[in-house]
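Protein chains in written order, with our numbering: chain A, 8 to 300; chain B, 778 to 1054. Beta carbons: idealized from backbone N, C-alpha and C, even for Gly. Model, not experiment: these values are computed from the prediction.
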Amino acid sequence: MATASISLRDVGRTFGATRALADVDLDLKPGVTGLLGPNGAGKTTLLRLLATALPPSQGQVSVLGLDPEVPAERTDIRRQLGYQPQEVGFPRGFTAFAFVDYIALLKEQSQPAARHAEVRRVLDLVGLSGLGAKRIRAMSGGQRRRVSLAQALLGSPAVLILDEPTTGVDPEQRVVLRAVLAELARTSVVVLSTHQTEDVAALCERVIVLDRGRVRYDGPVTELTGQAAGRVWLADEPDPAASISWRTGTGRYRNVGGRARDDVEHVEPSLEDAYLLLRGGSPEHEPAQEAAS
Amino acid sequence: MTGWHLDDDMLRRYVERADSLAEGASAEQHLLSCEPCRARVGAAAGGTGLSVIDFAAVWDRTRDAVEVPRPSVFERLLRGAGLPAQEARLVAVASAFRGVWLAGVAAVLAFAALAAAFGHARGVWVFLSVAPVVPCLVVASSYDPWMDPALEPELVTPYPVLRLILLRTIAVLALALPAVLLFGLVVPGETAFAWLLPAVGFVAVVLAASTWFSPLRSAIAVSSVWLAAIWLLAARSGAPEAVLQARTQAGFLALAAASFAIFLVRRRRLHQLRPWR
């Protein structure tokens, strides 16, 4: 089996006068890639491009060696694609099984017995065994999120695009989902966007940080975290030298960025620390050089 | 799901029904969600001399009986009309075929037809206002993202969107046109059929316009223009003959042909999300 891959060359996307993505160059191979960035950074637009839901305004996208602009090739891509949008509305009155079964039909799984077995398999994978007959409207937010993930997992796709898959999902289920995605990522390209840096740290070998439609960082998670080494420390008071400080559960202050004094207690940085540093130390900071051109 | 599983003793007691009520209920609850433990039930039953059953197959059939949705009345009708089962499901899923919505449409049509039957000239205008726009509103609701909120995951499947839209459109027309014709039987004179070509034209306009705008907005715009035109016509001439003229009817036929051609030319736009989404 050929190795699954995605490549983007000089890709941009505009909506009217708004530039959502600019100059994006990426090569994605099997494994889990995390997409981080503030709201409005272009994460959802990038995922929609990868999922063939949107065409780029400029540049070239290739998924599994196929061109999404060519109708026949786009259909071939979609046969090997799983996509969980950020928001999925469910048709009124549908049960979890009925919805996933409906998407399975659209995915050309026409043989009823095999299709039903596949629907059961993906519902089991996301921890919804026994809830297939439950109406989606009666489900919790986390359960609905898992229904939308289940439809993306149909057929164990070669490319899996997930837009905030763990939002609203409880910690126990998040761990289960991580195991599912890690297993699939042995052979598939899995790209997920999230605001949960702990998911990226626990699951992804590679992270891409988007800001104002441009790639700010693309590399191993460990490397990004390493950039914060020596720049995170604990103190009894907020340190004016730090870029950002907050009171932790122990009553001490975690200080990130800036210049630490010699006598402070340095701690192991987390991916969140590194992400905040990359963003300029503050969630509100917008680096001037990254302004959309 | 947790890392806990039934141990061999518990499983044996469960199979032999030698467990307590509470333990049995607990084991059963776990088996509901644990495929590996379910797979061990067969072996445990074999060891006790009970007849060996393919528990996996029994379990699958049980889940099918509980979980697989029954086809709706409309879906069964479509199957009866010769549509393959899977396509009947894809068509019937649309919100446009829900009972409440269809009942609402039928009520409006019934009101318009009764108004025409008993309200003389004014009633005929009411029927002429309503009848042609009903099919295009129902067609629009069969694939509008507002009515069909799962559009985004549907869109990125290999199933051709064009085929889905056309199948639903044909199903709507197969349902709506006979219904309007039926209600039209109580309308006096030729007016009972004057709505037919405008209706076909408006459906085609909505299909074409939906390659730019949302289907429902397109249908509302078309309906509004038609209502305004009918109101003006009624105010000026007071008789519906203008709509019945052969030239006018030919104009609606031309509108249908031109709009459908535009729809086919621009069909690629249907395969991706559009700004109106």
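For A/Leu316 and A/Gly41, which I take to be in contact (beta-carbon distance under 8 Å), what is that distance rounded to the nearest angstrom? Within the shown structure, residues of chain A are numbered from 8 to 300, placing residue 316 of chain A beyond reach of any answer.
Find the residues of chain B that neighbour A/Asp131, judging by a C-beta separation of less than 7 Å, and give them in chain order. Glu812
So B/Leu867 and A/Leu113 are in contact, right, with Cβ under 8 Å, and what is the actual spacing, rounded? 7 Å
Alpha-carbon spacing of B/Phe888 relative to B/Pro912, whole angstroms: 16 Å
Between A/Gly139, A/Gly175 and A/Arg268, which has its C-alpha nearest A/Gly148's C-alpha? A/Gly175
Beta carbon proximity, B/Glu852 to chain A, threshold 8 Å: no
Check each candidate in B/Ala1033, B/Gln863 and B/Trp902 and name the one with the smallest Cα separation from B/Ala1012. B/Trp902
Interface flag, A/Gln150 vs chain B, CB-CB below 8 Å: no
List the residues of chain B that A/Glu190 touches, going by C-beta distances under 8 Å, in chain order. Result: empty, since nearest Cβ-Cβ is about 14 Å, beyond 8 Å.
What number of angstroms, rounded off, separates the C-alpha of B/Ala948 from the C-alpha of A/Asp30? 45 Å
I'd like to know if A/Thr201 contacts chain B, where contact means its C-beta is closer than 8 Å to some C-beta of that chain. no
Any idea if B/Arg1024 is buried or exposed, counting beta-carbon neighbours within 10 angstroms, 16 or more meaning buried? exposed
For a cutoff of 8 Å on Cβ pairs, would you count A/Glu212 as touching chain B? no
I'd like to know whether the C-beta of B/Gln1022 is nearer than 8 Å to at least one C-beta of chain A. no
Which residues mark the beginning and the end of the beta strand (DSSP E) in which A/Leu42 is found? Gly38 to Leu43
Quick check: A/Val239 and A/His273, are their CB atoms within less than 8 Å of each other? yes
Applying a beta-carbon distance threshold of less than 8 Å, which residues of chain A neighbour B/Val949? Those within 8 Å of B/Val949 in chain A number zero; the least Cβ separation is about 16 Å.
Is the region 231-250 of chain A touching the region 187-194 of chain A, taking contact as three or more C-beta pairs under 8 Å? no
Does the CB of B/Val916 have a neighbour CB from chain A at under 8 Å? no
Are the CB atoms of B/Phe1029 and B/Pro975 nearer to each other than 8 Å? yes
Of the listed residues B/Val910, B/Phe990, B/Ala869 and B/Leu984, nearest to B/Ser849 (C-alpha basis): B/Ala869
B/Glu929 touches chain A at which residues, Cβ-Cβ below 9 Å? Arg55, Ala58, Ala60, Tyr90, Pro92, Gln93, Glu94, Val95 and Gly96
Nearest CA to the CA of A/Leu184: which residue from A/Val95, A/Gly19, A/Thr59 and A/Asp206? A/Asp206
With DSSP as the reference, label B/Asp785 as helix, strand or coil. helix
Where A/Val271 and A/Leu43 are concerned, what is the direct C-alpha to C-alpha distance, given to the nearest angstrom? 30 Å
How many angstroms separate the CA atom of A/Ile215 from the CA atom of A/Arg151? 27 Å
Inter-residue Cα distance where the pair is A/Ser252 and A/Asp269: 18 Å
Mind checking which residues open and close the beta strand (DSSP E) that includes A/Leu285? Unbroken run through A/Leu285 is the alpha helix (DSSP H), Leu278 to Leu285; no beta strand (DSSP E).
Does the region 15-22 of chain A touch the region 127-137 of chain A, meaning 3 or more C-beta pairs lie closer than 8 Å? no
Roughly how many whole angstroms lie between the Cα atoms of A/Glu297 and B/Val980? For A/Glu297, the predicted model reports a pLDDT of 35, less than 50, meaning its position is unreliable; a value from the coordinates is still stated below. Rounded to the nearest angstrom, the two C-alpha atoms are 47 Å apart.
Rounded C-beta distance between B/Val916 and B/Val882? I'm assuming under 8 Å. About 12 Å separates the two Cβ atoms, so there is no contact after all.
With respect to the alpha helix (DSSP H) encompassing A/Ala157, which residues constitute its N-terminal and C-terminal limits? Gly148 to Leu160
With a threshold of 8 Å between beta-carbons, can A/Gln158 be considered close to chain B, or not? yes
Does the beta-carbon of B/Pro955 have 16 or more other beta-carbons within 10 angstroms, so that it is buried, or is it exposed? exposed
Is there a C-beta anywhere in chain B that falls below 8 Å from the one on A/Ala299? Note on A/Ala299: pLDDT 33, under 50, position unreliable in the model; the coordinate value appears next. With 8 Å as the cut-off, A/Ala299 does not count as an interface residue toward chain B.
Sequence ranges, alpha helix (DSSP H) only - wholly within the region 24-82 of chain A, length at least 4: 50-57
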